[in-house]
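Just add 983 to the spot in the sequence shown (first one is 1) and you have the numbering used here.
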Amino acid sequence: MQSLQDRDKAYDNLYKSYQLNGKTDSAYKYQGLALMAKDSIFNATVKNLAEFQQLSFKAQLHAQDLEKEKAATQTRIRTYVLLAAIAVFMLIAGIFYRNNRQKQKVNNLLFHQNEEIVQQKEEIESQRDDLEKTLSDLKATQTQLIQSEKMASLGELTAGIAHEIQNPLNFVNNFSEVNLEMLKELQAENLKPKAEQDEQTANELISDLIANEEKINHHGRRADSIVKGMLEHSRSATGQKEPTDINLMADEFLRLSHHGLRAKDKSFNAEVVTHLAAGLPKVNAIPQDIGRVLLNLFNNAFYAVNQKQKSLGGNYKPEVSVSTSTENGQVIIKVKDNGIGIPDAIKEKIMQPFFTTKPTGEGTGLGLSLTYDMVVKGHGGNIQVNSVEGEGTELIISIPIS
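This is the structure we're talking about:
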């Protein structure tokens, strides 16, 4: 475009130069060329203008397309933003809904758990009340059973005492009758004339009377000691320990237990053996408790040999023995029998309260339990059980001397 304009100026200058110089032909020639150049410029300008207008139109169209695309893009962006906002809102709403549901579930669970806890608490309180009542009833029953056991023990002791006391009473009665006859003879001898009186006979009668009176006195004292023993045993324990002669008590209660069983079963008899250590020191103990311990052990021993005798008959010789000794500052008491023995399965149970191997009605299951409490808890001693089923049992009690 610029070259056309330069050429047009050049033609026009040549035209004017030739016109001034009088060269008309050349002037007209260059004038024509200048006009042609102007036409070319005009045509080019027109063409360029058209092209420019076309380009401008296309640019406007392109701008409109860009605006439309921009608007569409903005619309899409708004749509995406709106959808994203809706999605976020839905997500938040879902989270809130889920949290609300979980909170409701937790609240319901807590509510039910609280109800269950309240119910369990009420059940526990009810069970506790029932247990307290049951425990109270058990304590009352235990007290009654312990008292019954003591009364049963006292009853067995009384039966033994009744049988034992009968012997000295029989001696007293018999010697009294003999003395009465001898006194009558002596009186008759004294009524004779002096010439007929036999001084030797009278002296013999007097000597016999004195001997019989000594025997009456001895057996009277024996009966008195038995009665005192019964009173001591029936008296409630004060818990006060005092020096106690174990040998004397073992011998006394062994015979009382034996006679007590014989008083109930006339056909029963057993050999009683004692091995009591000479010079055995006295034990600082509660006499009433030791008496009950020995009586329980002897009663069980005689019961065991009596049961075995009933099953074996005359081929069996029952025997119950007691021995005492000292060892390591303790008095050792061994009560042994050749009775039915104790099965291995129940050896560990025989000291438990209310456990008994005797038939219903013949035992409360408290004898050995009380024995254990009196020896171990009351006197700091120990009880050992050695037994072979079918052969016999030995119970060894150790009690500290002081």
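Where a beta carbon is used, it is the ideal one built from N, C-alpha and C, also for glycine.
Check	Outcome
Would you call the segment 1365 to 1385 and the segment 1309 to 1323 in contact, with 3 or more CB pairs under 8 Å?	yes
When we look at the beta-carbon of Gly1363 and count the other beta-carbons within 10 Å, is it buried (16 or more) or exposed?	exposed
Relative to the alpha-carbon of Asn1283, which residue among Ser1304, Leu1295, Asn1298, Asn1195 has its alpha-carbon at the smallest distance?	Ser1304
Nearest to Glu1310 by CA position, among Pro1383, Leu1169, Pro1151, is which residue?	Pro1383
Excluding five sequence neighbours on each side, which residues of the same chain lie with their C-beta closer than 6 Å to the C-beta of Gly1394?	Missing from the structure shown is residue 1394; the chain here goes from 984 to 1385 and no further.
Figure out for me which residue from Gln1313, Glu1235, Thr1257, Glu1254 has the closest Cα to the Cα of Val1266.	Gln1313
Between Ile1269 and Ile1333, what straight-line distance do the alpha-carbon atoms span, to the nearest angstrom?	24 Å
Ser1370: buried (16+ other C-beta within 10 angstroms of its C-beta) or exposed?	buried
Quick check: Asn1162 and Leu1192, are their CB atoms within less than 8 Å of each other?	yes
How is the alpha helix (DSSP H) around Ile1229 delimited, first residue to last?	1229 to 1247
If you count every other CB in all the chains shown that lies within 10 Å of the CB of Tyr1080, and 16 or more means buried, which is it?	exposed
Is the Cβ-Cβ distance between Leu1237 and Thr1307 less than 8 Å?	no
In the DSSP assignment, the alpha helix (DSSP H) including Ile1273 goes from what residue to what residue?	1270 to 1295
Which class does Lys1317 belong to by DSSP, given the choice of helix, strand or coil?	strand
Should Ile1189 be flagged as near chain B, meaning a C-beta pair shorter than 8 Å?	Here there is only one protein chain, and chain B is not present.
Suppose only complete runs of 3+ residues qualify. What are the beta strand (DSSP E) ranges in the segment 1347 to 1385, listed by chain order?	1365 to 1371, 1375 to 1383
From this set, Lys1247, Phe1154, Val1276, Leu1231, which residue's C-alpha is nearest His1258's C-alpha?	Leu1231
Given that a residue counts as buried once 16 or more other Cβ atoms are within 10 Å of its Cβ, and exposed if not, what is Asn1082?	exposed
According to DSSP, is Asn1267 part of a helix, a strand, or is it coil?	strand
Given a threshold of 16 other Cβ atoms within 10 Å of its Cβ, counted over all protein chains shown, does Thr1354 qualify as buried or as exposed?	buried
Could you spell out the range, first to last residue, of the beta strand (DSSP E) harbouring Ser1306?	1302 to 1310
Secondary structure at Pro1226, three-state DSSP: helix, strand or coil?	strand
Whose C-beta lies closer than 6 Å to the C-beta of His1202 among residues of the same chain, with five residues either side of it excluded?	Pro1151, Phe1154, Val1155
If you run the structure through DSSP and keep just helix, strand and coil, what is Glu1331?	coil
Determine the direct distance from the alpha carbon of Ala1067 to that of Asp1402, and round the result to whole angstroms.	Because the chain spans 984 through 1385 in this model, residue 1402 falls outside it and cannot be assessed.
Taking the Cβ atom as the reference point for each residue, do Ala1185 and Leu1169 lie within a distance shorter than 8 Å?	yes
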